[in-house]
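Just so you know, my numbering puts the end of the sequence shown at 306, numbered straight through with nothing missing.
Written out below as structure tokens is the structure these notes cover.
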Amino acid sequence: MNNVFTDYVAACHSALELTTEGQVIDAVQQALIPLLASDSWLPASHATPKPDGYGQFPLYIDPDDRLSIVSFVWGPLQNTPVHDHCVWGVVGVLRGEETSKDFVQGDTGLVESRRSVCLPGDILAVSPSIGDIHWVGNESADDYAISIHTYGGNIGKVQRHVFDPDTGMARDFVSGYEPVAPILT
Numbered sequence: 122m123n124n125v126f127t128d129y130v131a132a133c134h135s136a137l138e139l140t141t142e143g144q145v146i147d148a149v150q151q152a153l154i155p156l157l158a159s160d161s162w163l164p165a166s167h168a169t170p171k172p173d174g175y176g177q178f179p180l181y182i183d184p185d186d187r188l189s190i191v192s193f194v195w196g197p198l199q200n201t202p203v204h205d206h207c208v209w210g211v212v213g214v215l216r217g218e219e220t221s222k223d224f225v226q227g228d229t230g231l232v233e234s235r236r237s238v239c240l241p242g243d244i245l246a247v248s249p250s251i252g253d254i255h256w257v258g259n260e261s262a263d264d265y266a267i268s269i270h271t272y273g274g275n276i277g278k279v280q281r282h283v284f285d286p287d288t289g290m291a292r293d294f295v296s297g298y299e300p301v302a303p304i305l306t
């Protein structure tokens with residue numbers, strides 16, 4: 122295993138000791154920069170697109186569920202529904218291009234508040250305190266994309282919400298993971 126990933130995990134654990142959520146997010150964002158500089162550390166088992174939808178591959182799950190790091194692999198034109206996380210998260214694009222559409226609750230449904238087209242090296246943050254409802258996808262018809270997601274909890278176990286964008290109605294869900302072992306335990 123390349124040390125860049127183990128160094129990232131160690132930096133994330135150190136960030137968890139900081140006082141505020143904002144400090145944690147800032148530290149994780151800074152630690153993510155070197156990880157996004159090269160994709161040689163990511164094994165093919167956690168980087169291969171699925172034909173039937175995006176893949177959510179666990180890279181590291183903290184034994185106390187305080188932290189999870191996940192590789193999201195997007196085939197052409199694959200996307201999530203509109204959803205939230207209920208924990209802080211930091212997302213960085215490793216390969217390809219990823220689009221994120223942020224939403225806020227409006228009077229009669231969700232309203233798109235920001236659209237970001239992210240390229241390799243770009244980093245975004247989410248949390249209930251700074252904005253947590255979004256849609257993410259790969260809008261390319263030809264290429265796949267990979268993003269590395271770091272969450273302040275075990276995102277595969279967190280009960281969160283999928284939203285109907287027209288009505289704003291939420292439905293509970295738990296995302297889980299692809300059935301592969303994390304690359305670091």
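A virtual CB, placed ideally from N, CA and C, is assigned to each residue, including glycine.
Note that the structure is predicted; figures quoted are calculated from it, not measured.
Determine which residues share a DSSP beta bridge with residue i and list them.
i       : result
Ser-248 : Gly-252
Lys-222 : Arg-236, Trp-256
Thr-271 : Ile-190, Val-211
Take the Cβ of residue i as the centre, count every other Cβ of all protein chains shown within 10 Å, and call the residue buried at 16 or more, exposed below.
i       : result
Asp-293 : exposed
Pro-170 : buried
Leu-240 : exposed
Gly-273 : buried
Gln-307 : There is no way to answer for residue 307, as the model of the chain reaches only from 122 to 306.
In its own chain, which residues sit with a C-beta less than 7 Å from the C-beta of residue i, not counting the 5 before and 5 after it?
i       : result
Asp-287 : Gly-230
Ser-353 : Since the first residue of the chain shown is 122 and the last is 306, residue 353 is not available in this structure.
Between which residues of its own chain and residue i is the CB-CB distance below 6 Å, once the five residues before and five after are set aside?
i       : result
Thr-140 : none
Asp-243 : Val-214
Asn-275 : Ile-182, Asp-186, Ser-189
Pro-202 : Val-283
Ser-166 : Val-301
Is DSSP giving residue i helix, strand or coil here?
i       : result
Leu-139 : coil
Pro-286 : coil
Ile-154 : helix
Pick out whichever of the options has its Cα sitting closest to the Cα of residue i.
i       : options                            : result
Gly-210 : Gly-196, Trp-256, Thr-271          : Thr-271
Lys-278 : Asp-264, Ala-291, Val-295, Asp-263 : Val-295
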